[in-house]
Amino acid sequence: MSDKKRAYLLAYDVCDDRRRAHIAKYLQSYGERLQYSLFYFEIRPARLLQIKRTVENEMDCHEDSVLVVNLGKVEQADNAMEFVGRRSLRDIEIPTVI
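This is the structure:
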């Protein structure tokens, strides 16, 4: 598995308010919230596996759903998405912790 960062979208549909709030708070620590239930990440594949595992443990698999979309290399993500309205990907700056 490559160690290079990739871009991902993660969308969720979580029925319970408490579970939804907890998942959203967790996701915000790794990515940028684009819409209420849509997050953008620039992370390594290993980190994505960790995020998916944590979210899966928090959700109720009989009621909730999560969609993960691999947008490819970070450099390609800008071409993979198009925003209509006030927000564009160019407005997003995700901090990098070194």
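Following the working numbering, the numbering of the sequence shown begins with 100 at its first residue and continues without gaps. Don't be surprised by glycine CBs; every beta carbon is placed ideally from N, CA and C.
Gly-184 - DSSP class collapsed to helix/strand/coil: As a first step, residue 184 is located in the sequence shown; it is residue number 85 there, counting from the start. Here Gly-184 sits in coil by DSSP.
Tell me the DSSP bridge mates of Ala-110? Against the sequence shown, residue 110 aligns to sequence position 11. Beta-bridge pairing links Ala-110 to Leu-137 and Leu-166.
Please identify the residue among Asp-115, Gly-184, Ser-128 and Leu-147 whose C-alpha is closest to the C-alpha of Tyr-107. Here residue 107 is taken as the residue at index 8 of the sequence shown, counted from 1. Taking only the C-alpha atoms, the option nearest Tyr-107 is Leu-147.
Which residue wins for smallest C-alpha separation from Leu-126, given the options Lys-104, Gln-149 and Arg-105? In the sequence shown, residue 126 corresponds to position 27, counting from 1. Looking at the Cα atoms, Gln-149 is the closest of the given residues.
What does the alpha-carbon distance come out to for the pair Ser-136 and Ile-122? As a position in the sequence shown, residue 136 is number 37, starting the count at 1. As a position in the sequence shown, residue 122 is number 23, starting the count at 1. Computed Cα separation, rounded: 10 Å.
From the DSSP output, read off the bridge partner residues of Gly-171. As a working mapping, residue 171 is identified with position 72 in the sequence shown. Its beta-bridge partners are Ala-106.
Own chain, CB closer than 7 Å to Val-113, minus 5 neighbours either side, in chain order: Locating residue 113 in the sequence shown gives position 14, where the first residue counts as 1. The residues are Arg-119, Ile-122, Met-158 and Asp-163.
For Ser-187, does the count of other Cβ atoms within 10 angstroms reach 16, so buried, or fall short, so exposed? Walking along the sequence shown from the start, residue 187 turns up at place 88. With a pLDDT of only 47 at Ser-187, under the threshold of 50, the placement of this residue in the model should not be trusted; the figure read from the coordinates follows. Exposed is the call here.
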